[in-house]
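**Student:**
Numbering (this note's numbering), first residue to last: 52 to 350.
1. Confirm, please, whether the CB-CB distance from residue 272 to residue 156 is below 8 Å.
2. Going by beta-carbon coordinates alone, are residue 223 and residue 159 separated by less than 8 Å?
3. What residue from 277, 291, 108, 319 has the CA that sits closest to residue 151's CA?
4. What residue does the alpha helix (DSSP H) around residue 132 start on, and which one ends it?
5. Please report the straight-line C-alpha distance between residue 133 and residue 297, rounded to a whole angstrom.
6. Is residue 286 helix, strand or coil when you go by DSSP?
7. First and last residue of the alpha helix (DSSP H) that includes residue 78?
8. When you compare the CB positions of residue 242 and residue 260, do they come within less than 8 Å of one another, or not?
9. So, under 8 Å CB-CB, residue 326 and residue 135 are touching, yes? Tell me the CB distance rounded to an integer number of Å.
10. Can you give me the Cβ contacts of residue 181 inside the same chain, cut-off strictly under 6 Å, excluding the 5 residues immediately before and after it?
11. Near residue 225, what residues of its chain come up, given a Cβ to Cβ distance below 8 Å and the 5 sequence neighbours on each side ignored?
12. At the level of alpha carbons, what is the spacing between residue 141 and residue 175?
13. Measure the C-alpha to C-alpha separation of residue 318 and residue 144 and round it to an integer number of angstroms.
14. Measuring straight from C-alpha to C-alpha, what distance separates residue 329 and residue 75?
15. Go ahead and pull the three-state DSSP assignment for residue 239.
16. On the DSSP letters alone, give me the boundaries of the alpha helix (DSSP H) that residue 291 sits inside.
17. Please state whether DSSP places residue 168 in a helix, a strand or coil.
18. Measuring alpha carbon to alpha carbon, tell me which of 197, 300, 195, 170 ends up nearest residue 185.
19. Near residue 283, which residues of its chain fall below 7 Å by C-beta distance, leaving aside the five closest residues on each side in sequence?
20. Can you tell me whether residue 414 is helix, strand or coil according to DSSP?
21. Going by beta-carbon coordinates alone, are residue 227 and residue 146 separated by less than 8 Å?
22. Here's the rule I'm using: 16 or more other beta-carbon atoms within 10 Å means buried, otherwise exposed. How should residue 331 be labelled?
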């Protein structure tokens, strides 16, 4: 009697198919392609408004209000840029925004770092209550504090000056919250070791704590600069002269300016230039920004 031994049957997922790939590999490859296609579509949707802004800035005035859809103008021109920069103090608006955003962000980062360190590492009576009050202020709309803040600025004689925009925004509750969350991750043993070596509080902060806060500083700089550069309501209230305006407020004046037959080309031209500083700041701090967001536990 002869015994026939049948060969072992390979697993379905391990069976090679055309091109040497198993069904599991084919499914994984298909999922990667679908994910890539989906992310590409989302990226196009995100970038398209910026692209359309540039196209509108390069489009002649009459064509920018045409109902016809086009992805590139028939006769691109920089006439919108030259016209608006020649008739309006755009460079002054950009300088004002740069001053407000740079100085305001620098001072606000210092305040957030100091307050976050104190709330995270110091033990004092009422610390929890004080932190809760800080968080409650996030829920207060700016419209509620608009009139009292304006009265304070007016009595200080700061109306129509950059300091009227800078000083009220130094206390950034969101920045303090992010700084505190990051500071909680700094080891207490490291701070105690510095104190035992004779370092004072300021030296401990600047020589021990601050060098480990690079990602935190990147987050605070990007968020602070972006918020101050794009701020519209508060500068609209406290800045009055045309030479004192920031870019967002200046853009709002172009839509009703009779000097332009078609204001949208001028608006898009200024907006295209105004986006450049934001891109530069983000590109400089993007790595520390991602690290800081991950370290603070914010999703």
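Note that beta-carbon positions come from the ideal geometry of N, C-alpha and C, so glycine has one too. In this text the structure is predicted, and so the values were computed from the model without any measurement.
**Tutor:** If we stick to the structure as given:
1. Indexing the chain shown from 1 puts residue 156 at position 105. Indexing the chain shown from 1 puts residue 272 at position 221. Contact: yes.
2. The residue labelled residue 223 in the question sits at position 172 within the chain shown. The residue labelled residue 159 in the question sits at position 108 within the chain shown. The Cβ-Cβ distance between residue 223 and residue 159 falls below 8 Å.
3. Here residue 151 is taken as the residue at index 100 of the chain shown, counted from 1. Of 277, 291, 108, 319, the residue nearest in Cα terms is 277.
4. By 1-based counting over the chain shown, the position of residue 132 is 81. Counting along the chain, residue 132 sits inside the alpha helix (DSSP H) bounded by residues 130–138.
5. The sequence position of residue 133 within the chain shown is 82, counting from 1. The sequence position of residue 297 within the chain shown is 246, counting from 1. As the crow flies, the alpha-carbon of residue 133 is around 19 Å from that of residue 297.
6. For the purposes of this step, residue 286 is taken as residue 235 along the chain shown, with counting starting at 1. Residue state for residue 286 is assigned as helix, using DSSP reduced to three classes.
7. Against the chain shown, residue 78 aligns to sequence position 27. 74–108 is the extent of the alpha helix (DSSP H) around residue 78.
8. In the chain shown, the residue the question calls residue 242 occupies position 191. In the chain shown, the residue the question calls residue 260 occupies position 209. Their beta carbons are under 8 Å apart, which means residue 242 touches residue 260 by this criterion.
9. Within the chain shown, the letter at position 275 stands for residue 326. Within the chain shown, the letter at position 84 stands for residue 135. A Cβ-Cβ distance of about 15 Å is found for the pair residue 326 and residue 135, leaving them out of contact under the 8 Å criterion.
10. For the purposes of this step, residue 181 is identified with residue 130 of the chain shown, where counting begins at 1. No residues qualify anywhere along the chain.
11. Working through the chain shown from its first residue, we reach residue 225 at position 174. These residues qualify, in order along the chain: 189, 274.
12. As a first step, residue 141 is located in the chain shown; it is residue number 90 there, counting from the start. As a first step, residue 175 is located in the chain shown; it is residue number 124 there, counting from the start. When rounded, the separation of the alpha-carbon atoms in residue 141 and residue 175 is 49 Å.
13. Along the chain shown, one-based indexing puts residue 318 at 267. Along the chain shown, one-based indexing puts residue 144 at 93. The straight-line gap from Cα to Cα measures roughly 13 Å.
14. Within the chain shown, numbered from 1, the residue matching residue 329 stands at position 278. Within the chain shown, numbered from 1, the residue matching residue 75 stands at position 24. Taking the straight line joining both Cα atoms gives about 44 Å.
15. As a working note, residue 239 is residue 188 in the chain shown. In this structure, DSSP gives residue 239 a helical state, which the three-state scheme calls helix.
16. Numbered from its first residue, the chain shown carries residue 291 at position 240. Neither: residue 291 is in no alpha helix (DSSP H) and is coded neither H nor E.
17. Position 117 of the chain shown holds residue 168. Assignment of residue 168 by DSSP, reduced to helix, strand and coil, places it in the helix class.
18. Working through the chain shown from its first residue, we reach residue 185 at position 134. Distance check between residue 185 and each of 197, 300, 195, 170 places 170 closest, using alpha-carbon atoms only.
19. Taking the first residue of the chain shown as 1, we reach residue 283 at position 232. So the qualifying residues of the chain are 299, 300.
20. Within the shown structure, residues of the chain are numbered from 52 to 350, placing residue 414 beyond reach of any answer.
21. To locate residue 227, count along the chain shown from 1; it is residue 176. To locate residue 146, count along the chain shown from 1; it is residue 95. Going by C-beta atoms, residue 227 is not nearer than 8 Å to residue 146.
22. As a first step, residue 331 is located in the chain shown; it is residue number 280 there, counting from the start. Around the beta-carbon of residue 331, fewer than 16 other beta-carbon atoms lie within 10 Å, marking it exposed.
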